[in-house]
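A short write-up of the structure that comes next.
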RNA sequence: CGGGGCGUAGCGCAGUCCGGUUAGCGCGCCUGCUUUGGGAGCAGGAGGUCCUGAGUUCGAAUCUCAGCGCCCCGACCA
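In our numbering, the protein residues as written are 300 to 775.
Structure (structure tokens):
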């Protein structure tokens, strides 16, 4: 059916790239590792931005903007941070035709430039908390890139907050984790596991990294967002102190958190199918496309007019398009809008108009129903919500059906290889055992549960006591 | 950085081994006519630094040397 899109079962990786191409989301640029985000792809990002931005503001955050460039010495202030990020940074050595006295790092993340600024902003407990977010681009010189999932330059938001107490900072970290979870579930229709990264996987410079992890259709994990409790690491590195109510000088506590254009990759890999892009309605730039159909010239004008009349009161309620292009036939248009992921298509020809109805087609299921024109708007609004819920339910079923507990190491390695999935296993907490997953199956511990709760057991690798299970999977 | 593949029209490719007139094909694009309820048909047409540079030759997309770039697979990562 779908020309030009590789089937998921044949080559998942190729399918992913084909969907991006067919839906006109992005393409490779003249610069290695960097992509051009095309209007449709960028519109999805704008919807992600708009909704997250509102959630951030509802939880008390404000936006600001910090420089793209970071003086080299800032990067070196926090030992873990520089060790983690310096190898993948782009560095500017010349400007205005002259060699710079001090090289400037293109930000891979903004903790250092921001905390050097916060030092000037914070003297008293009355200056706290600072709850700032910025929408920005960052650069990480990755060796291997994939559209949306990992590009040299990518767009993201990064929140950077400053607090008087550890508790307040930890609460902030968890608050944002909750925001990310809500956004993933309610907007992306993406079920996610939340948890804590291992020492090996945590953010360079963090005390603790929380994350949301989602399962893609090929059963691999994708980290969709992170929220870091940074403790006093950056406050100490940049000497950011305040006087508390008792006039005592103390270091500030910090958090940082972010999601990126990678989320678009997650949307594609969770919901799309062999016919192209499938988008959750809440993030779809165009939610409904109306395709008027005609046979004769006389009908053409009438059908076009009918499409306009039909959608007259939709403005401001539903983003829609009328595809009345003369040069394409209906079949071509149906196919095109399927590839591009518009959640609902309305087919409207002379036969339907004669019966005061239209044909409503769901992108996610292909289901076609005849709907009376008088109730169309209400039907569509309800259907969009239903599609949103159904996509979540389908993704959840896929995850549940491929998430297992496992207690035999050999079996774990085999099953990770084929058919794959998420595996809850006991782990003793030692890095050596963690590395063994990686070596034997190229799998990693995606997260540890936040709450202790599960039954104790024995580490699946070494047999040492384990308090709880952790989630192991292959990942992007 | 290691392994593989590839640079020829907007896109996908053939031609290269074995040098030879005016460099082809499919898709897309433009014009016209017929079409239009699941990717239309016919006719005409536009579109090329054959990745770059040097060399060999009467003659190079094709041979030689050097360089550049991209994609895919691994190690690093949101």
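Ideal Cβ positions, reconstructed from N, Cα and C, are used throughout, including at glycine.
Proximity of residue i and residue j at Cβ, strictly below 8 angstroms
i: residue 518; j: residue 719; result: yes
i: residue 504; j: residue 533; result: yes
i: residue 411; j: residue 373; result: yes
i: residue 658; j: residue 706; result: no
i: residue 777; j: residue 683; result: Only positions 300 to 775 of the chain appear in the structure, and residue 777 is not among them; the question remains open.
i: residue 639; j: residue 576; result: yes
i: residue 450; j: residue 332; result: yes
i: residue 430; j: residue 359; result: yes
i: residue 641; j: residue 609; result: no
i: residue 493; j: residue 749; result: yes
i: residue 526; j: residue 552; result: no
i: residue 637; j: residue 661; result: no
i: residue 437; j: residue 406; result: yes
i: residue 591; j: residue 623; result: yes
i: residue 416; j: residue 365; result: yes
i: residue 345; j: residue 334; result: no
i: residue 733; j: residue 499; result: yes
Classification of residue i by the beta-carbon crowding that lies within 10 angstroms, buried from 16 upward
i: residue 673; result: exposed
i: residue 538; result: exposed
i: residue 605; result: buried
i: residue 304; result: buried
i: residue 481; result: exposed
i: residue 483; result: buried
i: residue 790; result: Since the displayed the chain opens at 300 and closes at 775, residue 790 lies outside it and no answer follows.
i: residue 300; result: The predicted model places residue 300 with a pLDDT of 38, which falls under 50 and marks its position as unreliable, so this point remains unresolved.
i: residue 419; result: exposed
i: residue 393; result: exposed
i: residue 564; result: buried
i: residue 315; result: buried
Secondary structure of residue i, DSSP reduced to three states
i: residue 401; result: strand
i: residue 575; result: strand
i: residue 655; result: coil
i: residue 458; result: strand
i: residue 723; result: strand
i: residue 602; result: helix
i: residue 341; result: helix
i: residue 669; result: strand
i: residue 346; result: helix
i: residue 738; result: helix
i: residue 333; result: coil
i: residue 478; result: helix
i: residue 448; result: coil
i: residue 761; result: coil
i: residue 375; result: coil
i: residue 314; result: helix
i: residue 300; result: Confidence at residue 300 is low in this model, with a pLDDT of 38, below 50, so its placement is unreliable and no value can be given for it.
i: residue 691; result: helix
i: residue 581; result: helix
i: residue 368; result: strand
i: residue 355; result: helix
i: residue 678; result: helix
Nearest to residue i (by Cα), restricted to the options the options
i: residue 655; options: 641, 645 and 671; result: 671
i: residue 752; options: 610, 591, 766 and 333; result: 766
i: residue 710; options: 736, 306 and 685; result: 736
i: residue 601; options: 566, 626 and 650; result: 650
i: residue 386; options: 402, 439 and 524; result: 439
i: residue 648; options: 560, 734, 595 and 448; result: 595
i: residue 721; options: 399, 702, 357 and 733; result: 702
i: residue 487; options: 327, 350, 544 and 498; result: 350
i: residue 675; options: 694, 612 and 716; result: 612
i: residue 265; options: 465, 472 and 502; result: Residue 265 cannot be examined here, being either before or after the span of the chain that is shown, 300 to 775.
i: residue 289; options: 536, 591 and 515; result: Missing from the structure shown is residue 289; the chain here goes from 300 to 775 and no further.
i: residue 774; options: 631, 633 and 520; result: 520
i: residue 458; options: 559, 346 and 742; result: 559
i: residue 462; options: 668, 699 and 549; result: 549
i: residue 511; options: 755, 756 and 746; result: 746
i: residue 668; options: 645, 395, 733 and 755; result: 645
i: residue 286; options: 421, 490 and 633; result: With the chain covering only 300 through 775, there is no way to say anything about residue 286.
i: residue 635; options: 320, 499, 402 and 764; result: 320
Which complete alpha helix (DSSP H) runs does the region 379-444 hold, if anything under 4 residues is left out?
The alpha helix (DSSP H) runs of length 4 or more contained entirely in the region 379-444 are, from start to end of the chain, 410-420.
Inside the region 601-647 only - beta strand (DSSP E) runs reaching at least 3 residues:
For the region 601-647, whole beta strand (DSSP E) runs of length 3 or above, ordered along the chain, are 619-621 and 643-647.
Ignoring anything shorter than 3 residues or poking outside the region 529-578, list the beta strand (DSSP E) runs there in chain order.
You should have 540-542, 548-550 and 552-559.
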